Each structure stands twice: as C-alpha cells, then as structure tokens.
Amino acid sequence: MAAQQSPGGGGREAWGSRLGVILAVTGSAVGLGNFLRFPGVAVANGGGAFMVPYIIAFLIVGLPIAWIEWAMGRYAGRRGFSSAAGIYRVMTGGKTWASYLGVLALIIPVVIYMYYLSVEAWCLGFAWHYWTGGMAVTVATAQQGMAAGSAEATEAGVGAANNYLVGFSGLGENFSLATNFWTTAAPFVLLCFVINFFLIWRGLNKGIELFCRWAMPALILCSIVILARVLTLGSPEGATEHTIYHPEGSIATERVDAAKPSYEHEGTLLVPETVQGSVGTGLGFMWNPVGHSTVKVPTPGAEADADGVVPTTSLVVEESFLSAMMDPDTWLAAAGQIFFSLSVALGVIITYASYTKPKDDIALSGLTAAAGNGFFEIALGGMMVIPAAFMFASSGAIVSAGEKASSLSLGFFALPGVFEHMPGGHFFGGLFFFLLFLAAVTSSLSMLQPAIAFLEEGLGIGRHASVAILGVITALGAGFVALISSGLTVLDHMDFWMGNFALFLLAMAQIVLFAWVVGVDKGLKELSIGAEITLPRSLPFVLRYVTPSFLVLVFGFWLVKNISLDGGYLGALRPSAIAEDPIPALTVLFILVIAAFFLLLIMEAVKRWKRLEAAGVLPDPSRDPDEDLEGGAA
Amino acid sequence: MSVGGILVMLASVLGITSLFAWCIYKVLSTPGSEQHLHGFEGELPDKDT
Chain Z
1 MAAQQSPGGG
11 GREAWGSRLG
21 VILAVTGSAV
31 GLGNFLRFPG
41 VAVANGGGAF
51 MVPYIIAFLI
61 VGLPIAWIEW
71 AMGRYAGRRG
81 FSSAAGIYRV
91 MTGGKTWASY
101 LGVLALIIPV
111 VIYMYYLSVE
121 AWCLGFAWHY
131 WTGGMAVTVA
141 TAQQGMAAGS
151 AEATEAGVGA
161 ANNYLVGFSG
171 LGENFSLATN
181 FWTTAAPFVL
191 LCFVINFFLI
201 WRGLNKGIEL
211 FCRWAMPALI
221 LCSIVILARV
231 LTLGSPEGAT
241 EHTIYHPEGS
251 IATERVDAAK
261 PSYEHEGTLL
271 VPETVQGSVG
281 TGLGFMWNPV
291 GHSTVKVPTP
301 GAEADADGVV
311 PTTSLVVEES
321 FLSAMMDPDT
331 WLAAAGQIFF
341 SLSVALGVII
351 TYASYTKPKD
361 DIALSGLTAA
371 AGNGFFEIAL
381 GGMMVIPAAF
391 MFASSGAIVS
401 AGEKASSLSL
411 GFFALPGVFE
421 HMPGGHFFGG
431 LFFFLLFLAA
441 VTSSLSMLQP
451 AIAFLEEGLG
461 IGRHASVAIL
471 GVITALGAGF
481 VALISSGLTV
491 LDHMDFWMGN
501 FALFLLAMAQ
511 IVLFAWVVGV
521 DKGLKELSIG
531 AEITLPRSLP
541 FVLRYVTPSF
551 LVLVFGFWLV
561 KNISLDGGYL
571 GALRPSAIAE
581 DPIPALTVLF
591 ILVIAAFFLL
601 LIMEAVKRWK
611 RLEAAGVLPD
621 PSRDPDEDLE
631 GGAA
Chain C
1 MSVGGILVML
11 ASVLGITSLF
21 AWCIYKVLST
31 PGSEQHLHGF
41 EGELPDKDT
C-alpha cells in the first residue's frame with residue numbers, strides 16, 4: 001500500500017476549506033440562468049404557481065442527483081480519481097464500459113465552455129461599455145437630430161441599447177469579430193479566455209477556490225445594490241403601460257379596460273386589462289400564482305396579403321393557477337430549470353467532490369450548495385429582473401423570452417432598454433452585467449476542471465501541461481463559436497445538443513449507475529459517512545424509483561417537444577437542410593470530433609490504469625476503497 | 001400584486017433564505033468542523049515546471 005499512488009502520478013490537490021468547496025460548487029451552479037432564465041421561465045409558466053413544481057423537482061430530482069454526485073465523487077476521490085471516466089470505473093469495480101460513459105461528463109462541460117465563453121465576454125463587454133460611457137455614446141448617436149427628452153429620442157435610445165448586441169456579438173455576420181476586432185466582443189472573448197485559464201492554471205485551491213471566495217460575496221453585494229435600486233423605483237415616470245388579457249369572467253368587470261378591443265381565441269373571449277408598470281405590478285407579474293402566455297390573434301380589420309397571410313396581433317394572456325398546474329409544460333419547465341440551474345449532470349460536482357477528504361461531510365455541503373443556488377435564483381434573481389423589466393419593457397417580450405427559456409433575449413435585448421429609462425441606469429446597467437460576468441466566471445471555471453482532472457490522471461501529465469492541452473482544444477471551439485456568429489447558430493445548436501440533450505442522457509445514466517448498478521445502499525452508505533444532517537428515510541425509494549421515472553417522463557416530453565425530423569435541431573441535419581445551411585451539421589460534426597478525441601484518450605487512460613493496477617501502483621479497482629481508510633489514509 | 005402573490009413571494013424568498021442561512025450556520029458552527037478546515041496540501045507537481 002505504501003508504494004501506491006494516485007493515477008495522476010503524484011500528490012493530489014485538495015480544497016483549502018470546507019466553505020471553499022461549498023462556495024466553488026455554488027459558484028459553479030450560479031450563472032446567468034439564476035438571474036435571467038429563472039424569472040422568465042417562472043413568469044411564462046405559472047408565475048408564483050411555478051414554485052409548486054419547482055420545489056417538487058428540487059426535492060425529487062435536483063437534490064438527489066446532486067447528492068449522488070457528491071457521494072460518487074468522494075468515494076472515487078479516495079482512490080485518487082477525479083474525472084468521470086475514472087470515477088465511474090471505480091464505482092463499478094473496474095468496469096471499462098463505465099469509463100467510456102464518462103465521455104459525456106467530459107464533453108458536456110468542455111463544449112458548453114466553448115459557447116459560454118462568448119456569453120461571458122458579452123457580459124464583461126456590456127459592463128465595460130456602460131461604465132466607460134460607450135453605451136451613452138451609442139445612445140446619443142442614435143438620438144442625433146432629435147429633441148432631447150422627446151418620446152422619439154427616448155425610443156431611439158432604447159432601440160440603440162437593445163440592438164447593441166447585434167453588432168457587438170457579430171450576430172449579423174460571420175467573421176465580424178475578426179474583421180471588426182476592436183469594436184466587437186473579440187477583445188473581451190480573449191480577455192475572458194485568459195482570465196479563466198490563468199485561474200485554472202493556478203490550481204484548485206489558489207485559482208478556483210480563491211476566486212470563488214471573493215466572487216461569491218461580491219456577487220451577493222452587487223445583487224443587493226441592484227435589488228435596492230429596483231425596489232425603490234416605485235412608480236417611475238414614463239413606465240410602460242401593459243395590456244394583459246383574461247378569459248371573460250375571470251376578472252372583476254371594473255378591471256376590464258373598455259377602451260381596448262377584446263379578442264376571441266380558441267372559442268374564448270379575451271378581455272383586456274390595463275396595468276401600469278411599477279414595482280408592485282412587476283412583482284405581481286412575477287409572483288402572482290397565475291401564468292402568462294403569448295397568443296397570436298388575427299388583427300381586427302386587417303386584410304390578408306397577396307400570399308393569403310393574415311396579419312396577427314400578439315397578446316399577453318393570463319392563465320389560472322389550475323390551468324398552469326395542469327399544463328405538462330409547467331412541470332417540464334420546472335424540472336428543466338432545476339436541472340440546468342443546479343449544475344447537476346454536468347460532470348462538475350463529481351469532480352469537485354472528489355477533492356474532499358474521505359470523512360468530510362458531503363450531505364450538508366450538498367444541501368448548502370443547492371440552497372445557495374436557490375437563494376441566488378429565488379431571493380435575488382426572482383426579485384429584481386422582472387419588476388425592472390415590467391416597468392420599462394414590453395410584457396410580451398418578457399413572456400416570450402420565458403417561453404423560449406432564453407436568458408439572452410431577456411438579458412441582452414430587453415434589459416438594456418430598461419437601463420435607458422432608469423435613473424442612474426448606465427451605472428446600474430454596468431453593475432448588473434458585471435454581476436452576470438462574475439456569475440459566469442465561477443461557472444465557466446468549473447467547466448474546465450473535469451477535463452483537466454482527466455488529462456492529469458488519464459495521461460499521467462502535470463496540471464500545467466493539462467491546462468495547455470485543454471487550452472488549445474477550447475480555443476479552437478471558442479474561436480469556432482465566436483467567428484461563425486451569424487444568427488448565433490453554432491451557439492444555439494451546441495446549447496441544444498450539449499446543454500440540453502446530452503445533459504438529460506448523463507443524468508439518466510448516472511441515476512441508473514448509482515441506483516441500479518452500484519446499488520443505492522452502497523451509495524447512500526457513502527453519503528452518510530461524516531454526514532452532519534439526517535438523510536431522509538425516503539431517499540432510497542426516491543433514488544430507485546421516483547427520480548428515474550420523473551427523469552424519463554420529463555425527457556420523453558422534452559423529446560416529443562423538441563425532436564422532429566421535419567424541422568428544428570434534428571431536421572437541420574437532413575441532407576436537404578445541410579445543402580441550404582451547413583452550419584448546424586458542422587456544429588454537430590465538431591462535437592462528434594471532440595467526443596471521438598476524448599474517447600480515444602479514455603481508451604489510452606484505461607490501458608494506463610490497468611497497467612498501473614497490474615504493477616501494484618494503483619489498487620485493485622474491485623476492492624472497496626473503504627479498505628484503504630484502514631491505517632489512517634484519511 | 002394579489003394577496004396570493006404576496007404570500008407566495010414571502011414564503012419562497014423567506015423559505016430559501018432561511019434554509020441557506022441555516023445551512024451556512026450549521027456548516028460553520030458544527031462542533032469539530034474546524035477539522036474540515038484543512039490547509040492546502042501543495043499543488044500537484046507539474047512535470048513541466
């Protein structure tokens with residue numbers, strides 16, 4: 001035993017403190033989704049009623065999966081493994097197929113990092129543009145020749161702020177980040193790349209943990225300042241007037257705005273109510289236990305055009321609590337939000353947990369990280385974005401962003417318009433995007449560590465060499481996303497296949513591996529070692545039956561909704577569609593190449609681990625690592 | 001904002017804030033937790049440096 005080493009061939013890194021690992025896991029989970037995706041999705045799926053499926057999904061999917069990742073990570077970490085390929089192998093007693101399964105947990109964070117870097121750079125770029133007066137110049141340029149303070153000038157300013165992202169991100173044209181380097185996001189992409197790799201190069205403790213120890217409190221501070229600003233705006237002058245439609249008879253007659261037309265939609269008469277944007281109405285839009293959706297109705301009196309297309313008007317319609325609860329989309333949205341927000345099935349938690357000590361508590365740590373993520377999402381994200389947006393942006397745009405679960409629409413198109421109206425808006429705009437930038441960095445850092453850990457222990461190379469290899473790989477991918485930027489097609493398709501589809505696959509694979517291959521009893525025994533809280537008695541039943549069933553159900557609904565050969569993401573891979581636009585197929589090909597590359601590396605890593613095991617350098621993987629604890633290995 | 005909205009908002013915000021605060025308190029105050037504040041044990045030796 002004395003001669004045995006970790007598979008990386010030397011000493012292992014470790015977290016500096018228990019709070020450090022909790023902050024790092026929380027930082028990994030807290031990102032744009034907490035501040036932008038959650039409030040939008042909630043508004044479009046039941047408002048306050050969304051919290052019912054959200055809490056249920058947290059209890060039966062989010063927390064159980066987070067806990068099994070903590071348990072698997074620490075268990076295999078005792079053998080010196082920190083990558084999913086090594087962890088799954090140790091968990092299954094040395095099964096080679098389990099290592100290959102780990103490819104998902106490697107490519108998911110690496111590919112997500114490639115496009116997340118662009119979004120991170122936009123956040124930093126927007127913060128810089130607001131704070132250095134660039135946005136003021138952009139707005140002033142759009143208002144040239146207009147009377148100061150006029151409605152026309154305000155509208156032009158809001159339009160300029162809204163549209164800033166188009167030029168900045170290169171959304172309008174491929175390669176514009178290369179051809180217009182200094183006026184686009186290109187310098188910020190490079191800067192963010194350098195920041196991430198500088199921190200990851202410094203290591204787990206001096207890089208990731210140190211940054212999270214400063215960034216997480218800073219994140220809370222920035223959030224509280226912005227929250228205070230939003231909640232003290234009251235009923236500002238120039239606030240947007242919203243028209244919300246209700247099924248006839250569902251609201252009191254005196255609330256119906258008789259001056260506006262009613263519309264018939266699917267046999268129901270929709271009556272209008274006028275609501276003035278304010279803190280109170282904005283909070284109500286977010287938290288009242290009713291949902292909102294957008295529906296299109298034929299515009300009254302409008303004639304069909306030459307192609308027979310009748311012009312339509314988009315309405316924001318309020319739905320009852322009961323109809324929101326009965327809608328499968330509400331449950332799907334809640335499960336999706338919990339899933340994406342907690343960073344489960346991303347390959348990050350298992351890697352981070354592997355660096356904890358063998359007898360450290362992980363049950364309370366896992367709950368604390370999940371609760372921390374919820375705090376950022378509900379208490380901060382849920383209180384600031386929608387009230388601010390409801391005061392100055394269109395409710396249709398807010399609901400539409402929520403229906404698409406789009407952080408980008410709400411954050412980069414709707415909110416810049418809001419900051420144009422808000423007193424001190426450019427300062428708070430800069431602060432808001434800086435907050436998003438900090439949240440994004442804590443997440444993007446975590447996406448790099450799983451692959452670093454794999455390269456170290458799979459190939460037996462040092463951290464700095466691993467960082468260099470991963471730097472080249474991610475630079476290629478990040479460059480691909482940043483340069484082929486037209487319509488954000490590459491980003492969108494990477495997000496669909498890796499940020500959604502593969503994430504579901506990995507979650508299901510992990511729960512089956514833990515509950516049915518390894519065995520719930522063995523897994524929960526690990527979770528209970530050092531636990532400072534009592535684990536729920538129902539947890540074995542939940543892990544065996546409830547979580548897998550819920551995941552299958554949600555994934556099934558998701559597939560039905562999103563996968564179709566006739567169009568969408570899968571349809572874009574048909575030969576006829578490729579002839580029209582090859583970018584989606586190229587994106588998928590790129591992902592497959594990355595996957596093949598990591599599969600080859602896993603093959604080499606498994607050969608190496610078997611060699612080391614045969615030589616007695618690494619312990620027999622079929623032996624319980626608990627035996628290693630004998631003799632004070634802890 | 002309706003009464004239902006106020007109740008849901010308060011329950012959600014106070015609920016999650018209390019849970020998070022309790023967790024942090026428990027992490028920092030559990031007897032023996034200082035044992036978990038183990039120090040940094042040195043970076044993995046890098047063969048390139």
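Chains as they are written, first to last, in our numbering: chain Z, 1 to 634; chain C, 1 to 49.
For glycine and all other residues, C-beta sits at the position ideal for the given N, C-alpha and C.
The structure displayed is predicted, hence computed values, not measured ones.
Touching by the beta-carbon criterion (3+ pairs, under 8 Å), the stretch 334-347 of chain Z and the stretch 498-507 of chain Z: Enough Cβ pairs lie closer than 8 Å, so yes.
Along the chain, where does the beta strand (DSSP E) containing residue 244 of chain Z start, and where does it finish? 241-247
Any C-beta of chain C under 8 Å from that of residue 364 of chain Z: yes
The alpha helix (DSSP H) spanning residue 164 of chain Z covers which residue range? 151-169
Where the alpha helix (DSSP H) containing residue 416 of chain Z begins and where it ends: 415-421
Is the stretch 468-487 of chain Z close to the stretch 185-201 of chain Z, with three or more CB pairs under 8 Å? These segments touch.
Leaving out the 5 sequence neighbours to the left and right, which residues in its chain are closer than 7 Å to residue 573 of chain Z when beta-carbon positions are compared? 584, 585 and 588
C-alpha distance - residue 36 of chain Z paired with residue 141 of chain Z, whole-angstrom precision: Taking the straight line joining both Cα atoms gives about 29 Å.
Inside the stretch 304-380 of chain Z only - beta strand (DSSP E) runs reaching at least 3 residues: Unbroken beta strand (DSSP E) stretches of 3 residues or longer found wholly inside the stretch 304-380 of chain Z: 312-319, given in chain order.
Per DSSP, cross-strand counterpart(s) of residue 525 of chain Z: Residue 525 of chain Z pairs with nothing; no bridge assigned.
Hey, is residue 29 of chain C's beta-carbon within less than 8 Å of any beta-carbon in chain Z? no
Just curious, the beta strand (DSSP E) that residue 607 of chain Z is in, first and last residue? Here residue 607 of chain Z belongs to no beta strand (DSSP E); instead the alpha helix (DSSP H) covers 583-614.
Assuming the contact rule is C-beta atoms closer than 8 Å, residue 74 of chain Z and residue 423 of chain Z should be a hit. Round their C-beta distance to whole Å, please. Rounded, the Cβ-Cβ distance is 50 Å, inconsistent with contact.
Return helix, strand or coil for residue 619 of chain Z, following the three-state DSSP convention. coil
Since residue 367 of chain Z and residue 63 of chain Z should fall inside the 8 Å C-beta cutoff, what is the C-beta to C-beta distance between them, to a whole number of angstroms? 7 Å
When DSSP labels each residue in this structure, what does residue 206 of chain Z get in the three-state scheme? helix
When the Cα of residue 98 of chain Z is compared with those of Z:512, Z:349 and Z:547, which residue comes out closest? Z:512
For a contact meaning CB atoms closer than 9 Å, what does residue 289 of chain Z contact in chain C? 2, 4, 5, 7 and 8
Ordered along the chain, which non-local residues of its own chain (more than five positions away) have a Cβ less than 7 Å from that of residue 271 of chain Z? 245, 246, 248, 256 and 262
Say whether chain C places a C-beta atom closer than 8 Å to the C-beta of residue 18 of chain Z. yes
Residue 4 of chain C to residue 564 of chain Z, Cα distance in whole Å? 39 Å
Can a CB atom of chain C be found closer than 8 Å to the CB of residue 3 of chain Z? Because residue 3 of chain Z carries a pLDDT of 45, less than 50, the predicted location of this residue cannot be relied on, and the following value inherits that uncertainty. It does not; no Cβ of chain C falls within 8 Å.
Residue 269 of chain Z burial status per 10 Å Cβ neighbour count (16 or more: buried): exposed
Are the beta-carbon atoms belonging to residue 426 of chain Z and residue 135 of chain Z less than 8 Å from one another? yes
Reduced DSSP category for residue 220 of chain Z - H, G, I as helix; E, B as strand; rest coil: helix
Hey, could you find the ends of the alpha helix (DSSP H) residue 387 of chain Z is sitting in? 382-392
Within 8 Å of any Cβ in chain D, is that where the Cβ of residue 273 of chain Z sits? Judged by its chain identifiers, the structure shown contains no chain D, and its protein chains are Z and C.
Where residue 218 of chain Z meets chain C, residues with beta-carbon distance less than 8 Å: Here the premise fails: no neighbours, minimum Cβ distance about 17 Å.
Let me make sure I understand the geometry here. Which of Z:237, Z:600, Z:149 and Z:130 has the alpha-carbon closest to that of residue 459 of chain Z? Z:600
Reference residue 476 of chain Z; option with closest CA among Z:117, Z:622, Z:31 and Z:432: Residue 476 of chain Z has its Cα closest to that of Z:117, out of Z:117, Z:622, Z:31 and Z:432.
Report yes or no: do the stretch 273-288 of chain Z and the stretch 348-355 of chain Z share at least 3 C-beta pairs separated by less than 8 Å? They do not touch, by the three-pair rule.
Inter-residue spacing [alpha-carbon to alpha-carbon] between residue 45 of chain C and residue 463 of chain Z: In this prediction, residue 45 of chain C has a pLDDT of 46, which is less than 50 and means its spatial position is unreliable; nothing more can be read from the coordinates.
Should residue 18 of chain C go down as buried or exposed, given a rule of 16 or more other Cβ atoms within 10 Å for buried? exposed
How big is the Cα-Cα spacing for residue 228 of chain Z and residue 539 of chain Z? 39 Å
Report yes if the CB atom of residue 133 of chain Z is closer than 8 Å to the CB atom of residue 168 of chain Z, and no otherwise. Not a contact, by the Cβ cut-off of 8 Å.
Consult DSSP for residue 144 of chain Z and reduce its assignment to one of helix, strand or coil. coil
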